[in-house]
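Quick notes on the structure that follows.
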Amino acid sequence: MPEEVNGKTPRRKENSITAQLRGIWRRISLEAVGAVVYGGVDRRLELSDAIEHALKHKVPRHVNWTYCFGGITFFLFLVLAATGILLTLYYRPSSSDAYESVKYIMNDVRFGWLIRSIHHWAANLMAFTVLAHMVRVYFHGAYKHPRELNWIAGVFLLALTLAFGFTGYLLPWDQKAYWGTTVGTRMPAAMPFIGDFMKLFLRGGDEVTGRTLSRFYSLHVVILPMVTTFFLAAHFAMIRRQGISKPM
Amino acid sequence: MTEQDKKQPQLQDEESGGIPFYPLHFMKEVMVVTAVLLVILALSIFFPAGLQEAADSFSTPEHIKPEWVFLAMYQLLKYVPQGVAFGNVTYLNLFVAATGILGLAVAALPFLDRSPHTMARKRPLFLALGLLALALFVVFTYLGHFSGARDPIFGMLIP
Chain A
0 MPEEVNGKTP RRKENSITAQ LRGIWRRISL EAVGAVVYGG VDRRLELSDA IEHALKHKVP
60 RHVNWTYCFG GITFFLFLVL AATGILLTLY YRPSSSDAYE SVKYIMNDVR FGWLIRSIHH
120 WAANLMAFTV LAHMVRVYFH GAYKHPRELN WIAGVFLLAL TLAFGFTGYL LPWDQKAYWG
180 TTVGTRMPAA MPFIGDFMKL FLRGGDEVTG RTLSRFYSLH VVILPMVTTF FLAAHFAMIR
240 RQGISKPM
Chain B
0 MTEQDKKQPQ LQDEESGGIP FYPLHFMKEV MVVTAVLLVI LALSIFFPAG LQEAADSFST
60 PEHIKPEWVF LAMYQLLKYV PQGVAFGNVT YLNLFVAATG ILGLAVAALP FLDRSPHTMA
120 RKRPLFLALG LLALALFVVF TYLGHFSGAR DPIFGMLIP
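Chains as they are written, first to last, in numbering that gives the first Met the number 0: chain A, 0 to 247; chain B, 0 to 158.
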């Protein structure tokens, strides 16, 4: 006798352990949402129907492993936010203190080296998964009508990811950071018409100094996270509205 | 087909089939996330983030390289000739402008590739452009990574 799940019998018989596990998992999760987690809250706000509707939303069958990179990117963004917040507890954004504070994080703060290393690797992996996600969308033609706006939101998110990487690179204030930024800011300084302005805007002067560090810190931990959160929300809302594309 | 379907042909399949996001698809996501976390942890433990000497504006290191995402751009910049192209416009100005135009073209991609096909082999031009861009990115990232030394595959000294 196949187990009844949500009032429907499963279409095909599965091997019994998997079926039982799935049954338990479904029962725990859906009833937890309905009764346990939102019990008292739900009697007042009546959220469970909306949440259940959202959670039962169908994921199309053509979704395969190549569709995972966008989701992984978002997960890495959350990892970066969490480890980044922890790093701000000890990091001091000034040209006299930054290097020593990073050294302190690496050598003296308990698990500080691990938190900074996770931040470092998650950032590198995120750049990779953003590109992989973009390549998948490109070759599936998933940017086509009606998803043009979501492609543009994605291009903004790519630019924001690169800006995160570029500003974060300076923060340890070691030789690599300092000279990497000195060379890197030559590129926007060569922009036609607005080059001089861009150089002043980014460096806060003619050279890379403590002012540059303050700017990059502000961009890295305040401005870019805010803007990125906005674009992520738009990106996800559009996916939800338009569904996951199907290659034809 | 209803009027709505004609307007948005790719949206038809959505409601008809598939597995519920929660809990079945969510379970897969939990597994993927766990795998990604394990990879990050392994990399962090075996290759912790480094820290060089403190910044010193009076001592320029020999090879200054950016993060790997910018390596292709860094390598391409080396092939841009120094000096003035015309008037007070340098070759670097032209290169940066070209990069900006390329960025805008990428953003405008859905309006440039207007064919209704999404399958890669039914739009050969954009398939070719995509593969070319991907190949250039990989090649110049490789060259950038080994620039200033001999690359391990061909043993060439890379500028």
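Even for Gly, the Cβ is constructed at its ideal location relative to N, Cα and C.
Per DSSP, the continuous beta strand (DSSP E) segment holding residue 85 of chain B begins and ends at 83-85.
Residue-level contact by beta carbon holds for residue 55 of chain B and chain A, with a gap shorter than 9 Å.
Using beta-carbon distances, residue 146 of chain A counts as an interface residue toward chain B, with a partner under 9 Å. Rounded to whole angstroms, the Cβ separation of residue 54 of chain A and residue 118 of chain A is 31 Å, and the two are not in contact under 8 Å.
Residue 208 of chain A carries a coil assignment under DSSP once its states are collapsed to helix, strand and coil. Residue 163 of chain A and residue 23 of chain A have their C-alpha atoms spaced approximately 42 Å apart.
Counting every other CB atom within 10 Å of its CB across the protein chains shown gives residue 86 of chain B a total below 16, marking it as exposed.
Look at residue 99 of chain B: its C-beta is under 9 Å from a C-beta on chain A. Contact of residue 20 of chain B with chain A by beta-carbon distance below 9 Å involves 53, 54, 55, 56, 57, 58. For residue 116 of chain A, the nearest CB of chain B lies under 9 Å from its own CB, placing it at the interface with that chain. Within the same chain, Cβ atoms closer than 7 Å to the Cβ of residue 209 of chain A are found at 93, 94, the five residues on either side in sequence being excluded. Residue 77 of chain B has a beta carbon lying at 9 Å or more from every beta carbon in chain A. At a cut-off of 9 Å between beta carbons, residue 105 of chain A contacts chain B. Counting C-beta pairs with one atom in each stretch, the stretch 61-78 of chain B and the stretch 177-184 of chain A have three or more that are closer than 8 Å, which means they touch.
Interface residue (Cβ-Cβ distance to chain A less than 9 Å): residue 74 of chain B is not classified as such.
Burial state of residue 158 of chain B is exposed, judged by a 10 Å Cβ sphere holding fewer than 16 other Cβ atoms. Note that the stretch 189-198 of chain A does not touch the stretch 119-139 of chain A; fewer than 3 beta-carbon pairs, one per stretch, sit closer than 8 Å.
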